[in-house]
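Participant:
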Amino acid sequence: MLKLPQHIAIIMDGNGRWAKDKGKLRIFGHHNGVLSVRDVVEGAVELGVKYLTLYTFSSENWNRPKLEVMVIMELMVSTIHKEIETFMKNNVRLNAIGDLDMLPPKCHRELLNAIDKTSVNTGLVLTLALSYSSRREILQAVKSIAGKVQKGELNIEDIDENTFENNLYTSGMPNPELLIRTSGEYRISNYLLWQIAYAELYFTSKLWPDFRKEDLYEAILDYQKRERRFGLTSEQVN
Ligand code: FPP
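Letter 238 of the sequence shown, counting from 1, is numbered 259 in the numbering used here, and no numbers are missing.
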């Protein structure tokens, strides 16, 4: 049987260009990007994917024009608010990773409220990477581990990959087996650098607002055709 990835991570890119192509403001692209998020989440639920992690807002995105940042935050508040009911119906548990304290208070509150309400759900874990920087996540893990060593709670010799993973924001989650990036860019952009060590990478030229569940299925089919060897030979894995 062909294997379904347990964890899919997506870099949603191209909202601005999509809007520009239509002669509209970038904000129009973000509004339509939300429709893609809805459809892709629904697709992941239908397939039975366990974890879906969406790069929603990077630490670098704070440097965008103030108005655009404000609109994205407002859009997030209203989307999360509207979607809670659907999350409950679809057994989706909302989660967030990143420097969440940087979010505007209203946005932070709405997010924590939705995370709390959906915490009883046992289906898809939908993680939003918000104000997220993978390097910062790694630094934060280093500091936390160093703190434990300093306090005498941990020996340096005992630090292994598990120790490290347990100190990342994604602690407790399996690593993504498939990473999708839209909009024809071939970059990782400071996203889940540790976690994607063995992930299959899938790039599509589609802009995010044009990406639908059928495109997710196509990415998964492509993933299923690949041979994952983890450094072994073809003969060893077959
Ligand atoms: C990337 O396109 C998109 C973003 C940085 C924002 C993504 C946010 C949403 C789709 C809203 C999601 C809301 C929820 C609740 C998940 P871009 O602006 O970088 O496009 P460009 O590369 O063409 O400029």
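For every residue, glycine included, the Cβ atom is placed at its ideal position computed from N, Cα and C.
Because the structure is a prediction, the values reported are computed rather than measured.
Tell me whether the beta-carbon of V113 lies closer than 9 Å to the beta-carbon of N134.
Facilitator: Cβ atoms of V113 and N134: not closer than 9 Å.
Participant: Please classify S80: does DSSP put it in a helix, a strand, or coil?
Facilitator: Here S80 sits in helix by DSSP.
Participant: For R250 and D42, I'd like the C-alpha separation in whole angstroms.
Facilitator: So the two alpha carbons sit approximately 41 Å from each other.
Participant: When the Cβ atoms of the region 239 to 259 are set against those of the region 181 to 191, are three or more pairs found closer than 8 Å?
Facilitator: In short, these stretches do not touch, since the Cβ pair count stays below three.
Participant: Express the C-alpha separation of V62 and K24 in angstroms, rounding to a whole number.
Facilitator: One C-alpha to the other measures close to 19 Å.
Participant: Look up R202 in the DSSP assignment and give the residues it is bridged to.
Facilitator: In the DSSP output, where bridge partners are listed per residue, R202 has I32, F224.
Participant: Going by C-alpha distance, which of L121, Q27, N36, H28 is nearest G205?
Facilitator: Of the candidates L121, Q27, N36, H28, the one whose C-alpha sits nearest the C-alpha of G205 is N36.
Participant: Starting from N116, follow the beta strand (DSSP E) in both directions and report where the run begins and ends.
Facilitator: Taken as a continuous stretch (DSSP letters only), the beta strand (DSSP E) holding N116 covers 114 to 118.
Participant: If distances are taken between C-alpha atoms only, which option among I48, F108, D122 comes closest to A65?
Facilitator: The shortest C-alpha separation from A65 is found at F108.
Participant: Of the choices E158, E104, T225, V170, whose alpha-carbon is the least far from that of L200?
Facilitator: Of the candidates E158, E104, T225, V170, the one whose C-alpha sits nearest the C-alpha of L200 is T225.
Participant: If you check the beta carbons only, do N188 and Q161 fall under 9 Å apart?
Facilitator: In contact: N188 and Q161 (Cβ atoms closer than 9 Å).
Participant: How many Å lie between L96 and R38 at the Cα?
Facilitator: Computed Cα separation, rounded: 18 Å.
Participant: If I measure Cβ to Cβ from C128 and keep anything under 7 Å in the same chain, skipping five residues before and after, which residues do I get?
Facilitator: Excluding sequence neighbours, C128 sits near M94, M97, V98.
Participant: Any chance the CB of G50 is under 8 Å from a heavy atom of the ligand FPP?
Facilitator: Yes, Cβ of G50 sits closer than 8 Å to a heavy atom of the ligand FPP.
Participant: To the nearest whole angstrom, what separates the beta carbons of V146 and N116, a pair I think is in contact under 8 Å?
Facilitator: Confirmed, Cβ separation roughly 6 Å.
Participant: Could you tell me the alpha carbon to alpha carbon distance between F78 and N84, rounded to whole angstroms?
Facilitator: Cα to Cα, F78 sits roughly 11 Å from N84.
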